[in-house]
Every structure is written in C-alpha cells, then in structure tokens.
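S.K.: The structure follows.
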Amino acid sequence: MNIQEEIGKRRTFAIISHPDAGKTTLTEKLLLFGGAIQTAGAVKSNKIKKSATSDFMEIEKQRGISVATSVMTFNYDDKKINDIESHAGDNAGVSAWYDVKGGDELQMKIAISFTSIANAKNNLRTESDSKKFDEVRNESKKVWNDWLGRIKVTGGTKEQKIKFYTDLWHVLLGRHKNNDVSGDYPDNTAGTRDGNFTNNILKVRTLPKNKDGSLVHNMYNSDAFWLTQWNLNILWGLAWPEVQDDLSASMLRYEANGGLIPRGPAGGGYSYIMTSCPATNLIAGTFQKGLLTKFDKDSAFVAVKRNALPGGMLGSAKDIDFYTANGWWPENAGITIEAAFQDFAIAQMAKKLKKEEDYNFFTKRSKGWTNLYESKQKLLFPKNSNGKFNHTDPLSKAGWIEANAWQASWGVSHDIPGLAKLMGGNDTLASKLNHAFVMAEPSDFVFDYGSGYISYANQPGLSDAHVFNYARKPWLTQYWVRRVQEKAYGGTTPDDGYGGQDEDQGQMGSLSVLMAIGLFNIQGNVSAEPVYDITSPVFDEIIIKLDPKYYPGKEFVIKTHNNGAKNVYIQKARVNGKALNKFWFTHKEFSRGGSLEIWLGPKPNKAWGIAGLPPNN
95 MNIQEEIGKR RTFAIISHPD AGKTTLTEKL LLFGGAIQTA GAVKSNKIKK SATSDFMEIE
155 KQRGISVATS VMTFNYDDKK INDIESHAGD NAGVSAWYDV KGGDELQMKI AISFTSIANA
215 KNNLRTESDS KKFDEVRNES KKVWNDWLGR IKVTGGTKEQ KIKFYTDLWH VLLGRHKNND
275 VSGDYPDNTA GTRDGNFTNN ILKVRTLPKN KDGSLVHNMY NSDAFWLTQW NLNILWGLAW
335 PEVQDDLSAS MLRYEANGGL IPRGPAGGGY SYIMTSCPAT NLIAGTFQKG LLTKFDKDSA
395 FVAVKRNALP GGMLGSAKDI DFYTANGWWP ENAGITIEAA FQDFAIAQMA KKLKKEEDYN
455 FFTKRSKGWT NLYESKQKLL FPKNSNGKFN HTDPLSKAGW IEANAWQASW GVSHDIPGLA
515 KLMGGNDTLA SKLNHAFVMA EPSDFVFDYG SGYISYANQP GLSDAHVFNY ARKPWLTQYW
575 VRRVQEKAYG GTTPDDGYGG QDEDQGQMGS LSVLMAIGLF NIQGNVSAEP VYDITSPVFD
635 EIIIKLDPKY YPGKEFVIKT HNNGAKNVYI QKARVNGKAL NKFWFTHKEF SRGGSLEIWL
695 GPKPNKAWGI AGLPPNN
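Straight run, no breaks: the sequence shown in the numbering used here ends on number 711.
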C-alpha cells in the first residue's frame with residue numbers, strides 16, 4: 095500500500111473513533127503514520143514508550159460530522175497507540191484489543207442502560223451476573239424455540255418451512271426495550287415541537303409496577319408502525335398477544351408523557367418517521383380484540399382522538415383543519431388514505447365505547463377519500479388545495495407516499511364497497527385490479543418505491559390481493575395470494591424471497607406468514623367486530639397455541655385437505671365442524687380455540703365465500 099497516495103484521498107485532521115459506524119477507520123492510522131496529521135489529544139509518556147490520547151474532536155464537529163468523546167488502542171508495526179489507563183465523560187467510548195492465540199477463550203459482558211451507569215450495572219447483575227456464555231446461549235435458544243414454536247406447521251416443502259420460521263424470527267426481532275430492569279427509562283418526549291422535530295429534553299421516568307413488583311409493561315424503541323394494519327397488527331395478536339399489548343401500552347405511555355403517539359419511537363422520543371399517526375391502528379386493533387390490558391381503555395381512546403386533531407401526530411394543524419373541512423390532504427393522496435383509515439379505526443373504538451358524537455365525526459371524516467376519485471382512470475389521485483387534480487398519471491408517485499395510484503387506490507380497506515360503487519360495481523373493480531396483478535407478475539410483484547402496478551416489496555399495496563374478497567370474488571384472492579406468496583416471498587435467498595423488500599420490523603415477513611397460513615384481515619382487526627379473512631394455506635396443518643392470559647381456548651388448528659401447488663382454490667370450509675360459506679370468521683371464534691378445515695382444488699368454486707361481507711363494511 096502506498097501510504098502517501100492513500101493520505102491524499104482521506105481526511106487530514108486527527109485520530110478518532112466513529113461511534114456512529116461502530117468501528118475505528120484505517121484512515122486515521124494512515125494519516126498519523128504518514129505524517130500528515132498531529133494527534134489532537136495530549137501526548138504523554140507511560141510504561142509502554144509512546145502513547146497518545148485522542149479526545150473530543152472539535153475539528154470533526156465543525157465539519158458537521160457527528161462524533162463522541164472517544165479513545166482507542168491499536169497496533170501498527172509493533173507500536174501501541176493511545177494506550178491509556180482511564181478516560182471519563184458522558185460521551186466516552188473504548189475500543190478494546192486483546193492478544194489471543196488459537197484455542198484461547200475470551201468472555202466479555204457488556205451492560206447497557208439508556209439512563210445511568212448504576213442502572214447498567216444493575217441490569218447486568220440481575221440478568222447475567224454469574225452466567226457463562228454457553229448458559230446464555232442455551233437460554234436464548236430455549237426462548238426462541240418457545241416463541242417460534244407457538245405456530246407449528248406440517249406439510250409443505252423444507253424450503254417453505256425454513257422461510258416460514260425465518261419470517262417469524264423477523265416478526266419477533268424488531269422490538270428494542272429501552273427501560274432498565276428497575277423500570278427506569280429515558281423520556282425524550284418533552285420539548286418544543288416544530289413540525290416534524292421536537293427539541294428533546296431528557297427526563298428519566300419509572301414505569302408503573304404490579305403488586306408483585308413486576309413492571310406493568312415495557313418501553314420500546316421501534317422501526318415504525320406505518321401500515322402495520324396489514325401484517326404485524328394481525329399476526330402478533332394470533333400467537334403473541336402480549337407483544338401487541340405491551341407495544342400498545344408503550345405507545346400510549348409516550349403519549350401520556352409528551353402528548354403525541356409516536357410513529358417510530360427512537361431513544362425514548364419522537365422520530366417522526368413516515369406519515370400520519372399509524373400507531374392508531376395498532377392501538378385500535380389491540381383494543382377491539384380485547385388485548386389491551388396494560389393501559390386504561392378510555393385513556394387510550396382520548397389519546398388516539400387527540401392525535402387525529404390539530405396539535406396531534408397526524409400532521410400540521412393547518413393540514414388537519416383543511417382535511418377536516420374538505421376531505422382530502424392537500425397535495426397528497428397517500429396521506430388522505432392513511433388518515434381516512436385511521437379515522438375509521440377511531441370511529442370503531444368510539445362505537446364500542448358508546449361515544450356517539452365522536453363516532454359520527456370520525457365516520458364522516460373517514461369518507462373524505464371519495465373526493466380523490468377520478469372517473470376516467472377509475473382510481474384515486476392527489477388534489478391541490480383548490481380542488482384540482484395534481485395529475486392523472488396512474489404510474490406516477492407524485493402526491494403519494496412511496497406508491498402510485500395503481501398500487502395504493504385499493505388502500506381504502508375500510509370501504510371497499512364504497513370504492514366498488516364509484517368504479518361502477520364489483521365486476522369493474524375486480525377486472526381493473528386483476529389487470530394490475532397480471533401486469534406485475536413478470537416482475538414477481540416486486541418494484542422500487544412508487545414503481546409498477548402492484549408491489550409487495552413495500553407497505554402501501556400489501557392488502558391488494560385480499561381486496562377481491564370484498565368485491566365478492568374470493569377465488570381471485572385465493573389465486574393471487576398464492577402467486578404472491580410463492581414469487582415475492584417464497585424463496586430463501588437474498589434475491590428470491592427477500593429481493594428489494596422493505597422489511598421494516600418484519601412487516602413483509604409477517605405478511606408472508608399470514609399468506610402461508612391462510613389468514614388475514616383487510617381492516618387490520620380495527621373493526622368493532624374483528625374478523626379473519628380466509629385464503630389458501632400452503633401447509634397441510636397449522637397449530638396456533640393460544641395464550642391463556644388472553645384467550646379462553648387452548649389452540650386453533652387450521653387443516654387443509656387435498657393441498658398442493660396447483661390446488662389453490664377453496665372448495666368448501668368448516669369451522670368447528672360446521673359448514674362455513676363465508677370467506678371470514680370472527681376473532682371471538684378464534685379466541686375460543688377450535689378448528690378451521692379447508693378443502694382445496696385446482697379450479698375455483700365461485701359459489702363459495704360470497705354469502706356476505708363482515709360487519710362494518
């Protein structure tokens with residue numbers, strides 16, 4: 095390596111470490127030993143000849159690069175650099191180097207706390223004080239086997255099972271507790287809000303505890319809840335209701351502290367990632383399924399209502415006022431659809447809580463999306479504040495959130511019958527949507543943000559295949575769900591099964607699982623009478639263990655007859671031995687345990703599944 099040549103390509107100031115990247119770069123080593131820079135910290139002598147301390151890099155800060163006070167140790171031509179005895183400060187960091195030989199074992203325990211060093215030490219003492227590596231590994235394996243084993247599948251191929259449980263792992267992996275075992279947690283919700291930014295002021299708070307001293311719930315950082323009504327909100331409640339309960343309580347605790355429901359909480363505060371107030375759908379679904387046990391239900395309603403009004407997370411007060419008065423979000427069809435669905439979710443909560451005035455207000459506002467319907471294209475398009483369409487290009491992503499009109503017009507899943515009526519009936523809707531799927535299939539239903547007719551690589555179109563159920567064409571849902579599950583999600587390689595997909599806390603994996611077991615709900619269980627939509631499972635038998643803390647039943651079993659790659663169409667079905675002629679059954683039936691039997695065949699039975707739509711459609 096030509097050191098002087100490398101120096102010419104690199105920064106020229108100091109030896110530092112980069113906490114943001116999680117590593118110390120080669121750049122600083124080359125610069126120092128090439129004579130292009132001086133050490134920025136104090137140079138001193140100690141027992142190991144020469145050493146240097148690299149302290150706070152003001153020059154880095156001036157260049158707009160985020161750094162923390164840091165020290166490091168590394169070897170270069172047998173010279174030890176930055177070998178120090180101690181270093182202190184709120185932003186201190188250490189890079190530890192050890193001389194080990196083949197066969198040596200080195201065990202290190204690292205304690206983490208978002209609140210204090212004392213709490214970090216207490217976390218370590220409580221959770222891992224005397225445990226060795228193998229013990230921790232075995233305990234972790236046991237926990238994962240227990241959690242993943244709550245859904246047991248038989249039949250299908252080996253690859254389908256590998257993908258299924260990998261998807262489940264993604265579904266359960268994306269949550270990060272930020273509270274200590276003591277219940278202390280960082281609250282960064284206080285401060286002045288300016289649009290999508292809050293000037294955070296850190297407070298350390300303590301979570302409420304049960305009589306036995308255990309925490310009522312945990313606090314979480316999380317990778318957003320944008321459009322999770324079509325994946326995680328459904329799946330968590332089936333086999334892991336405590337996850338849905340805990341996360342909902344955490345979001346409501348953020349709101350109780352700072353007045354806003356997070357979109358994607360980070361560092362104990364608001365990140366403002368994505369749009370609208372998507373956690374409303376999580377909370378509403380948890381409430382409607384009877385899973386909200388860790389937070390007061392009336393307070394939960396007050397929180398979601400407050401966040402849908404001026405001053406709330408939904409958006410700016412100006413835009414919310416315009417939306418309420420006119421029915422659409424200015425310049426954005428995507429946010430209009432999101433807000434309308436959230437209004438429906440709030441209205442359904444109000445209905446169950448017998449809050450008639452709120453029910454009427456939010457039900458009316460949930461229908462505002464109809465103002466964006468364009469009769470020639472028979473799709474939705476963004477409008478400006480003067481009521482004129484910004485454009486009518488169905489493949490343009492302008493005025494959408496990571497989508498276009500072809501992908502996201504079907505997202506008004508609280509009112510598919512209303513969309514069908516505008517389009518001229520169920521036949522027209524189904525024909526147009528079917529055309530979109532035909533056009534998308536050559537690309538395996540995977541496109542970049544806002545590109546293509548149908549994309550299962552990102553959230554806005556994740557309900558599309560299930561829309562046919564609500565247009566009285568359940569056989570088309572059965573067919574396209576199987577095609578998407580196989581072509582977009584079925585593989586186990588980076589390109590085939592994960593290619594280009596925006597996983598976001600396991601959202602794509604969650605939908606893949608739901609498609610594989612043949613369950614879904616286009617409304618994300620936010621209806622006052624939540625149900626599950628039935629599709630064609632890929633496995634012969636699925637056993638879902640029910641949590642006794644939340645459900646009276648022991649398990650729910652889905653069994654298929656005559657399953658196969660070509661037998662994708664439902665011929666008939668039974669719930670607990672009784673004939674089922676609808677494409678749905680209730681959450682209440684699921685919670686009691688029992689069985690769903692599905693008979694499959696190679697040709698559609700167009701007489702099955704058309705007996706009626708679920709309540710609140």
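Glycine included, every Cβ here is placed at the ideal spot set by N, Cα and C. Predicted model only: the values in this text are computed from it and were never measured.
Helix, strand or coil for residue 314, going by three-state DSSP, please let me know.
M.R.: The count along the sequence shown starts at 1 and reaches residue 314 at position 220. It is a strand residue.
S.K.: Report buried or exposed for residue 430, applying the criterion of at least 16 other Cβ atoms within 10 angstroms of its Cβ.
M.R.: Counting from 1 along the sequence shown, the entry for residue 430 is found at position 336. By the 10 Å Cβ count, residue 430 comes out buried.
S.K.: Quick one: using the 10 Å Cβ neighbour count with 16 as the cut-off for buried, is residue 201 buried or exposed?
M.R.: The residue given as residue 201 occupies position 107 in the sequence shown. Result: exposed.
S.K.: Output the distance between the C-alpha atoms of residue 283 and residue 303, rounded to the nearest integer angstrom.
M.R.: Taking the sequence shown and counting its residues from 1, one reaches residue 283 at position 189. Taking the sequence shown and counting its residues from 1, one reaches residue 303 at position 209. When rounded, the distance between both Cα atoms is 21 Å.
S.K.: Put residue 441 into one of helix, strand or coil per three-state DSSP.
M.R.: Working through the sequence shown from its first residue, we reach residue 441 at position 347. Looking at residue 441 - three-state DSSP - the assignment turns out to be helix.
S.K.: In chain order, what residues of the same chain have a beta carbon less than 6 Å from the beta carbon of residue 360, not counting five sequence neighbours either side?
M.R.: Taking the first residue of the sequence shown as 1, we reach residue 360 at position 266. 315, listed in sequence order.
S.K.: If you measure between the beta carbons of residue 443 and residue 378, is that distance less than 8 Å?
M.R.: Position 349 of the sequence shown, counted from the start, is the residue given in the question as residue 443. Position 284 of the sequence shown, counted from the start, is the residue given in the question as residue 378. A contact, by the Cβ cut-off of 8 Å.
S.K.: For the structure I just gave you, are there three or more beta carbon pairs, one from the stretch 472-482 and one from the stretch 412-432, closer than 8 Å?
M.R.: Yes, the stretch 472-482 is in contact with the stretch 412-432.
S.K.: Are the beta-carbon atoms belonging to residue 618 and residue 324 less than 8 Å from one another?
M.R.: By one-based count along the sequence shown, residue 618 stands at place 524. By one-based count along the sequence shown, residue 324 stands at place 230. For residue 618 and residue 324, yes; Cβs fall inside 8 Å.
S.K.: Buried or exposed, going by whether 16 or more other CB atoms sit within 10 Å of the CB of residue 65?
M.R.: Nothing can be reported for residue 65: it is not among the residues displayed for the chain, which extend from 95 to 711.
S.K.: Could you check whether residue 258 and residue 610 sit closer than 8 Å to each other, using their CB atoms as the reference points?
M.R.: In the sequence shown, residue 610 corresponds to position 516, counting from 1. In the sequence shown, residue 258 corresponds to position 164, counting from 1. Going by C-beta atoms, residue 610 is nearer than 8 Å to residue 258.
S.K.: If I measure Cβ to Cβ from residue 698 and keep anything under 6 Å in the same chain, skipping five residues before and after, which residues do I get?
M.R.: In the sequence shown, the residue the question calls residue 698 occupies position 604. If we look at residue 698 and ignore the five residues flanking it on each side, its Cβ neighbours are 569 and 663.
S.K.: Strictly by DSSP, which residues pair up with residue 363?
M.R.: Sequence index remark: in the sequence shown, residue 363 carries index 269 (1-based). For residue 363, which the question treats as bridged, DSSP gives the partners 360.
S.K.: Give the secondary structure of residue 690 by DSSP, where H, G and I count as helix, E and B as strand, and everything else as coil.
M.R.: Within the sequence shown, the letter at position 596 stands for residue 690. The answer is strand: DSSP assigns residue 690 an E or B state.
S.K.: Does the Cβ of residue 510 have 16 or more other Cβ atoms within 10 Å, making it buried, or fewer, making it exposed?
M.R.: Sequence index remark: in the sequence shown, residue 510 carries index 416 (1-based). By the 10 Å Cβ count, residue 510 comes out buried.
S.K.: What first and last residue would you give for the alpha helix (DSSP H) that runs through residue 282?
M.R.: On the sequence shown, position 188 is the one that residue 282 refers to. Note, residue 282: premise wrong, no alpha helix (DSSP H); beta strand (DSSP E) at 278-284.
S.K.: Output needed for residue 439: all residues of its chain with C-beta closer than 6 Å, excluding positions within five of it in sequence on either side, in chain order.
M.R.: Here residue 439 corresponds to residue number 345 of the sequence shown, with the count starting at 1. Excluding positions up to five away in sequence, the list reads 374, 375, 378 and 620.
S.K.: Tell me whether residue 695 sits in a helix, a strand or coil according to DSSP, three-state version.
M.R.: The residue labelled residue 695 in the question sits at position 601 within the sequence shown. In the structure shown, residue 695 sits in a strand (DSSP, three-state: E or B).
S.K.: Please go through the same chain and pick out, in chain order, the residues whose beta-carbon is closer than 6 Å to the beta-carbon of residue 681, but skip the five residues on each side of it.
M.R.: Here the question's residue 681 lines up with position 587 in the sequence shown. The residues are 383 and 624.
S.K.: What are the boundary residues of the alpha helix (DSSP H) that includes residue 452?
M.R.: The residue you call residue 452 lines up with position 358 of the sequence shown. Here the alpha helix (DSSP H) through residue 452 covers 450-459.
S.K.: Taking one C-beta from the stretch 590-609 and one from the stretch 260-280 each time, how about it: are there three or more such pairs within less than 8 Å?
M.R.: In short, these stretches touch, since the Cβ pair count reaches three.
S.K.: Which runs of the alpha helix (DSSP H), 4 residues or longer, sit entirely within the stretch 534-605?
M.R.: If we require 4 residues or more, the alpha helix (DSSP H) runs fully inside the stretch 534-605 come out as 561-564 and 568-581.
S.K.: Is residue 547 near the ligand SAH, with its Cβ less than 7 Å from a heavy atom?
M.R.: This structure simply doesn't include the ligand SAH, nor any ligand for that matter.
S.K.: Just confirm the distance between the C-beta atoms of residue 657 and residue 694, as a whole number of angstroms; I'd bet it's less than 8 Å.
M.R.: As a working note, residue 657 is residue 563 in the sequence shown. As a working note, residue 694 is residue 600 in the sequence shown. At roughly 6 Å, the Cβ-Cβ gap stays under 8 Å, so residue 657 and residue 694 are in contact.
S.K.: Could you give the distance in angstroms between the alpha-carbon of residue 269 and the alpha-carbon of residue 599?
M.R.: To locate residue 269, count along the sequence shown from 1; it is residue 175. To locate residue 599, count along the sequence shown from 1; it is residue 505. For residue 269 and residue 599, the distance between alpha carbons rounds to 7 Å.
S.K.: For residue 339, which residues from the same chain have a beta carbon less than 7 Å from its beta carbon, with the 5 sequence-adjacent residues on both sides left out?
M.R.: For the purposes of this step, residue 339 is taken as the residue at position 245 of the sequence shown. These residues qualify, in order along the chain: 380, 385, 386, 387 and 388.
S.K.: I'd like the span of the beta strand (DSSP E) that includes residue 665, first residue to last.
M.R.: The sequence position of residue 665 within the sequence shown is 571, counting from 1. Residues 663-669.
S.K.: Exposed or buried, residue 227, counting other C-beta atoms within 10 Å across all chains shown (16 or more means buried)?
M.R.: Sequence index remark: in the sequence shown, residue 227 carries index 133 (1-based). Exposed, since its Cβ has fewer than 16 Cβ neighbours within 10 Å.
S.K.: Just reading off the alpha helix (DSSP H) that residue 231 is part of, what are its end residues?
M.R.: Locating residue 231 in the sequence shown gives position 137, where the first residue counts as 1. Start and end: 227-242.
S.K.: Quick check on residue 540: buried or exposed, where buried means 16 or more other Cβ atoms within 10 Å of its Cβ?
M.R.: By 1-based counting over the sequence shown, the position of residue 540 is 446. Buried, by the Cβ-count rule.
S.K.: Could you pull the start and end residues of the alpha helix (DSSP H) that residue 261 belongs to?
M.R.: Counting from 1 along the sequence shown, the entry for residue 261 is found at position 167. From DSSP, the alpha helix (DSSP H) with residue 261 extends over 252-267.
S.K.: Across which residues does DSSP place residue 387 in a beta bridge pair?
M.R.: To locate residue 387, count along the sequence shown from 1; it is residue 293. DSSP lists no partner for residue 387.
S.K.: Cα-Cα, which of 560, 531 and 561 is closest to residue 548?
M.R.: As a position in the sequence shown, residue 548 is number 454, starting the count at 1. Measuring from the Cα of residue 548, the nearest candidate turns out to be 531.
S.K.: If you check the beta carbons only, do residue 613 and residue 628 fall under 8 Å apart?
M.R.: If you number the sequence shown from 1, residue 613 lands on position 519. If you number the sequence shown from 1, residue 628 lands on position 534. Closer than 8 Å, so yes.
S.K.: Tell me the DSSP bridge mates of residue 495?
M.R.: Translated into positions along the sequence shown, residue 495 becomes position 401. DSSP, once it has assigned bridges, lists no residue as partnering residue 495.
S.K.: What is the DSSP secondary structure of residue 320, reduced to helix, strand or coil?
M.R.: Here residue 320 corresponds to residue number 226 of the sequence shown, with the count starting at 1. Three-state result, residue 320: coil.
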